[in-house]
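This report refers to the structure that appears directly beneath it.
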Amino acid sequence: MCRMALIDQKLTQIAPRTIGRVNTLGLWTLYSREVKRFLNVFTQTLMAPVITTLLFLAVFALALGGLSRTVGGVDYITFLAPGLMMMTMTQNSFANTSSSILIAKVQGNIVDILMPPLAPWEMALGIAAGGITRGLMVGLTVFFAMMLFLPVSLAHPLSALWFAINACMMLALLGMLGGIWAQKYDHIAAVTNFIITPLSFLSGTFYSIDRLPDAWVAVAHFNPFFYMIDGFRYGFIGHADGNIMIGAILLPVVNLILWFVTHRLITTGYRLKA
Amino acid sequence: MTPDQSNNVVPGEGVRIIAFLRIWTLFYRRGVIRFMRFWVESLLGPMVSTMLFMTVFTLALGPSDEMAPGLSALQFIAPGLAVFVLSQTAFQNVCFMLIIDKQEGVITDVLMAPLSPIELLFGYSLAGVANALLVALLLLGAMTVFTGPMLYSFAATAFFGISAALLFSMIGVLVGLWSDKWDQFSLVDNFLVLPLGLLSGTFFTLDRIPESWQWLFEANPMFWIISGFRYGITGYGSVEDLIWQGGTLVCLILVMVVCGWLLFKRGYKIKA
C-alpha cells in the first residue's frame, strides 16, 4: 500500500514538463545559442567590423577632410562617424540572422530548431534578438573605439538608441527573410552585394543628401537606410537632413510588417520544412 | 653497367619538368571555368561595390576638387581603386579554390594527377591572376564613365597590374594552404589585405600624412603597386621611384614563388 503510493508519486514526478503560454526556457536557449554562435568567432564578428570601420573613417577623413570640409555645420569626420557606425551595425545584424538560418539549412541542423517545442513567434524572436544583439554590440564597440580618436558627443542619446534598435531589428528581420529564401551561399551573397550594400552606401552616410540632384533626392527618400542613418546621426550631432519624425515612426511600422511576414513564413515552413 | 635512366620514364608523362598541358588543365579547366560559373560573385560583385565607391566619392567630393596637380580627385582615385580590387580578387580567388578543395577533399584528385609542385603552384595561382585581370579590365572600362578615357603608358600599367595579381595570388596560395577553416582566411583578409589596401595612398597623396608616419606607407607593397599602376594610367608620379618599386616587387614575387613551391613540394597540410 505504502509502496504503491510511492510509485504513484514517482510517476507524477516524471510527468511531461508543462509549458505555459511562453516557453521562456526554450526562447532563452535559442537566444543564447545565437549569441554564443557569433561570440565564438569574435575576431570575425566584432573585431573585424571595428577595424574596417576605423580604417574607412581614417581613409575618408584623410582623403576628404584635408580640405577642411564641413557638412551640415560640423566637421566632415564628425558627420561621417555616426553614419559609418550605423552601416556597420546594420550589416552585422543582417549577416548574423541570414548566416545563422542558411548555415543551419545547408548543414541540416535546422531540424534542431524546428523540433523543440518552440512556437513560430518564439523561433523568430530568438533568432532576431540574436541579430539585434550583435548589431548593438558591434555599434557599442565601434563607439568606444572611435572615442579614442575623436571627440564623439551625443546630442540626443535616446534618439540614437531608438534608431539603433529599430535599424538593427529591421536588418535582422530582413536577414531572416533572406536566410529563409536562400538555398545556397551564392543567393545570400547576391542579396548582400546587390541590395543591402548599395542601399547602405547610397544612403547619405558619406554625403549630405542635398548634394544630390533634385530628382534623386526624392528617390533617396524611398531608401529606408536614409532614415536610419539620418535619425541616428541626429542623435549625435543634433542636425538632420530630413524630418526625423518620419523615420522614427516609419521604421517601427516597417518592422511590424516584416515581423508578420517572417512569422508567416516560419508558420508555413516555407523552405524550412519539407 | 647502370641501367639507362631515361627508360624509366612512365609512358605519357613526358620528361619535361613543366608541361604546358598540365598547367593549362588545372588553370583553365578547373580554375577559370570555376570562376566564370560564379561570375555573379567573382566578376559582378567586385564591380558593383567599386562603382558604388566611385559614386559615393563623386557625391562627397564635388566635381572641382583636385587631389594632385592636373588630376581631379576621381582621376586620382580610380586607378588605385581598380588595382586594389584586382589584388584582393586575386587573393580571394586562390584562397577560395584551395580552401574549398581541401574542405571537400577533392584536393586528392588534384594531387593524384601527374602534376609537379611547380605546376600545382602555377595552375592554382594563374587562375587567380586571370580572374583579377578580368575584373580590373572590366572596372577600368566602367570607370571611364567617371573619369573619361585615360592611359599614359601601357607597359607600366600592364607590368604593375600583372605583378599585383601574381603577388597576391601567391599570398593567396600560402594563406589557402595554411587555412584549415574560413576563420583563418578572413583573419588575413580583414587584418592584413584590407588595411594594406586602404592605407596605401589609394585615396590620398602622402603629403596628407604626418611626416613621421610616411615611412609606414612607403614600406607597403600595395603603395608601390598603386603608385606604379597610377603612373601607367595617368602619368602621375616619378619614374625613378617606380624602378626600385617595380624591382622590389619582382623580388618579392620570386620569394613568394619559392615559398609556395616549397609548401606544395612538402605537401604542407594537403598530404598526410
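Protein chains in written order, with our numbering: chain A, 153 to 426; chain B, 3 to 274.
A virtual CB, placed ideally from N, CA and C, is assigned to each residue, including glycine.
Being a predicted model, the structure only gives us computed values, none of them experimental.
Residue of the options minimising C-alpha distance to residue i
{"i": "Leu-292 (chain A)", "options": "A:Ile-279, A:Pro-309, A:Ala-276", "result": "A:Pro-309"}
{"i": "Leu-141 (chain B)", "options": "B:Gly-203, B:Pro-81, B:Ser-229, B:Ser-181", "result": "B:Pro-81"}
{"i": "Val-369 (chain A)", "options": "A:Gly-394, A:Ser-352, A:Ile-348, A:Pro-303", "result": "A:Gly-394"}
{"i": "Gly-172 (chain A)", "options": "A:Ile-229, A:Pro-269, A:Leu-214", "result": "A:Pro-269"}
{"i": "Ile-398 (chain A)", "options": "A:Thr-249, A:Gly-331, A:Leu-410, A:Asn-375", "result": "A:Asn-375"}
{"i": "Val-252 (chain B)", "options": "B:Val-58, B:Ile-227, B:Phe-266, B:Gly-262", "result": "B:Ile-227"}
{"i": "Pro-404 (chain A)", "options": "A:Leu-326, A:Gln-335, A:Ala-319, A:Phe-246", "result": "A:Ala-319"}
{"i": "Tyr-238 (chain B)", "options": "B:Ala-115, B:Met-56, B:Leu-153", "result": "B:Leu-153"}
{"i": "Ser-155 (chain B)", "options": "B:Asn-222, B:Ile-173, B:Arg-232", "result": "B:Arg-232"}
{"i": "Ser-202 (chain B)", "options": "B:Gly-248, B:Leu-45, B:Trp-217", "result": "B:Trp-217"}
{"i": "Ser-250 (chain A)", "options": "A:Pro-365, A:Val-343, A:Gly-390, A:Ser-352", "result": "A:Val-343"}
{"i": "Gly-2 (chain B)", "options": "B:Lys-273, B:Ala-274, B:Met-53, B:Gly-248", "result": "With chain B represented from 3 up to 274, any question about residue 2 (chain B) goes unanswered, as that position is not in the structure."}
{"i": "Thr-250 (chain B)", "options": "B:Phe-59, B:Glu-220, B:Pro-197, B:Ala-84", "result": "B:Glu-220"}
{"i": "Asn-175 (chain A)", "options": "A:Ala-167, A:Pro-272, A:Gln-243", "result": "A:Pro-272"}
{"i": "Gly-421 (chain A)", "options": "A:Leu-408, A:Trp-333, A:Leu-354", "result": "A:Trp-333"}
{"i": "Leu-179 (chain B)", "options": "B:Asp-191, B:Met-53, B:Leu-194, B:Leu-265", "result": "B:Leu-265"}
{"i": "Ile-389 (chain A)", "options": "A:Val-223, A:Asn-407, A:Tyr-379, A:Ala-367", "result": "A:Val-223"}
{"i": "Ile-272 (chain B)", "options": "B:Pro-116, B:Leu-45, B:Glu-68, B:Ser-181", "result": "B:Ser-181"}
{"i": "Leu-236 (chain A)", "options": "A:Ile-255, A:Val-258, A:Gly-225, A:Val-211", "result": "A:Val-211"}
{"i": "Gln-243 (chain A)", "options": "A:Arg-286, A:Leu-182, A:Tyr-386, A:Ile-401", "result": "A:Arg-286"}
{"i": "Trp-314 (chain A)", "options": "A:Trp-180, A:Ile-396, A:Arg-185", "result": "A:Ile-396"}
{"i": "Met-258 (chain B)", "options": "B:Val-175, B:Leu-244, B:Gly-107, B:Leu-117", "result": "B:Val-175"}
{"i": "Ala-62 (chain B)", "options": "A:Trp-411, A:Ala-157, A:Leu-364, A:Val-371", "result": "A:Leu-364"}
{"i": "Leu-88 (chain B)", "options": "B:Ala-160, B:Thr-146, B:Val-147", "result": "B:Ala-160"}
{"i": "His-391 (chain A)", "options": "A:Ile-409, A:Leu-306, A:Phe-296", "result": "A:Leu-306"}
{"i": "Arg-210 (chain B)", "options": "A:Ala-213, A:Arg-169, A:Phe-353", "result": "A:Ala-213"}
{"i": "Lys-336 (chain A)", "options": "A:Arg-423, A:Glu-274, A:Arg-189", "result": "A:Arg-423"}
{"i": "Leu-139 (chain B)", "options": "B:Leu-189, B:Thr-204, B:Ile-235, B:Ile-173", "result": "B:Ile-235"}
{"i": "Ser-188 (chain B)", "options": "A:Ile-166, A:Phe-194, A:Met-289", "result": "A:Phe-194"}
{"i": "Gly-331 (chain A)", "options": "A:Asn-248, A:Arg-169, A:Glu-274, A:Trp-180", "result": "A:Asn-248"}
{"i": "His-373 (chain A)", "options": "A:Leu-410, A:Trp-411, A:Leu-354, A:His-339", "result": "A:Leu-354"}
Under the three-state DSSP convention, the category residue i falls into
{"i": "Ala-233 (chain A)", "result": "helix"}
{"i": "Ser-171 (chain B)", "result": "helix"}
{"i": "Ala-334 (chain A)", "result": "coil"}
{"i": "Asp-191 (chain B)", "result": "helix"}
{"i": "Val-202 (chain A)", "result": "helix"}
{"i": "Met-152 (chain B)", "result": "coil"}
{"i": "Asp-103 (chain B)", "result": "helix"}
{"i": "Met-3 (chain B)", "result": "Because the pLDDT at Met-3 (chain B) is just 42, under 50, the model does not fix this residue reliably, and the value given afterwards should be weighed accordingly. In the structure shown, Met-3 (chain B) sits in coil (DSSP, three-state: anything other than H, G, I, E or B)."}
{"i": "Asn-407 (chain A)", "result": "helix"}
{"i": "Ile-166 (chain A)", "result": "coil"}
{"i": "Tyr-30 (chain B)", "result": "helix"}
{"i": "Tyr-386 (chain A)", "result": "helix"}
{"i": "Gly-269 (chain B)", "result": "coil"}
{"i": "Val-203 (chain B)", "result": "Sequence inspection shows Gly at residue 203 (chain B); the Val mentioned does not correspond to that position. Residue state, collapsed to three classes: coil."}
{"i": "Pro-13 (chain B)", "result": "Because the pLDDT of Pro-13 (chain B) is 48, which lies under 50, any placement of that residue in the model is unreliable, and the question is left without a value."}
{"i": "Lys-188 (chain A)", "result": "helix"}
{"i": "Ser-8 (chain B)", "result": "Low local confidence applies: a pLDDT of 47 at Ser-8 (chain B) is under 50, so the model's placement there is unreliable, and no value is given."}
{"i": "Ile-381 (chain A)", "result": "helix"}
{"i": "Ser-240 (chain B)", "result": "coil"}
{"i": "Tyr-233 (chain B)", "result": "helix"}
Nearest-angstrom Cβ-Cβ length linking residue i and residue j, presumed shorter than 8 Å
{"i": "Ile-381 (chain A)", "j": "Met-238 (chain A)", "result": "5 Å"}
{"i": "Gly-125 (chain B)", "j": "Leu-28 (chain B)", "result": "3 Å"}
{"i": "Ile-348 (chain A)", "j": "Ile-317 (chain A)", "result": "At roughly 19 Å, the Cβ-Cβ gap does not stay under 8 Å, so Ile-348 (chain A) and Ile-317 (chain A) are not in contact."}
{"i": "Ile-253 (chain A)", "j": "Met-328 (chain A)", "result": "6 Å"}
{"i": "Val-177 (chain B)", "j": "Cys-261 (chain B)", "result": "Rounded, the Cβ-Cβ distance is 11 Å, inconsistent with contact."}
{"i": "Leu-191 (chain A)", "j": "Phe-246 (chain A)", "result": "The Cβ separation is near 18 Å, so there is no contact."}
{"i": "Val-137 (chain B)", "j": "Leu-45 (chain B)", "result": "6 Å"}
{"i": "Leu-300 (chain A)", "j": "Ile-229 (chain A)", "result": "Not really, about 14 Å apart at Cβ, beyond 8 Å."}
{"i": "Gly-282 (chain A)", "j": "Val-406 (chain A)", "result": "The pair is not a contact, with the Cβ atoms about 20 Å apart (cut-off 8 Å)."}
{"i": "Leu-83 (chain B)", "j": "Phe-55 (chain B)", "result": "6 Å"}
{"i": "Leu-244 (chain B)", "j": "Ala-158 (chain B)", "result": "7 Å"}
{"i": "Pro-116 (chain B)", "j": "Trp-263 (chain B)", "result": "At roughly 17 Å, the Cβ-Cβ gap does not stay under 8 Å, so Pro-116 (chain B) and Trp-263 (chain B) are not in contact."}
{"i": "Ala-312 (chain A)", "j": "Phe-378 (chain A)", "result": "That belief does not hold up - the Cβ atoms of Ala-312 (chain A) and Phe-378 (chain A) are roughly 16 Å apart, past 8 Å."}
{"i": "Leu-182 (chain A)", "j": "Lys-425 (chain A)", "result": "Not confirmed; about 17 Å, so no contact."}
Which residues DSSP lists as bridging residue i, in chain order
{"i": "Ala-70 (chain B)", "result": "B:Leu-73"}
{"i": "Thr-357 (chain A)", "result": "None, per the DSSP bridge assignment."}
{"i": "Thr-222 (chain A)", "result": "A:Asp-227"}
Legend entry - Cβ contact check for the region 34-51 of chain B and the region 199-208 of chain A: 3 or more pairs under 8 Å: Output reads no: the region 199-208 of chain A does not touch the region 34-51 of chain B.
Legend entry - Inter-stretch contact (C-beta, 8 Å, three-pair minimum) for the region 67-77 of chain B and the region 102-117 of chain B: Short answer: they don't touch.
Legend entry - Cβ pair count under 8 Å reaching 3, the region 20-36 of chain B against the region 129-142 of chain B: Yes: at least three Cβ pairs fall under 8 Å.
Legend entry - Three-pair Cβ contact test at 8 Å for the region 273-291 of chain A versus the region 351-360 of chain A: The region 351-360 of chain A and the region 273-291 of chain A do not touch, with fewer than three beta-carbon pairs separated by less than 8 Å.
Inset, instruction - Please determine if the region 413-420 of chain A and the region 243-262 of chain A are in contact, where contact requires at least 3 C-beta pairs separated by less than 8 Å. - result: Contact fails between the region 413-420 of chain A and the region 243-262 of chain A, because fewer than three Cβ pairs, one in each stretch, are under 8 Å apart.
Inset, instruction - Kindly confirm or deny that the region 92-99 of chain B and the region 166-184 of chain B touch, where touching means at least three C-beta pairs closer than 8 Å. - result: The answer is yes - the region 166-184 of chain B touches the region 92-99 of chain B, with three or more Cβ pairs under 8 Å.
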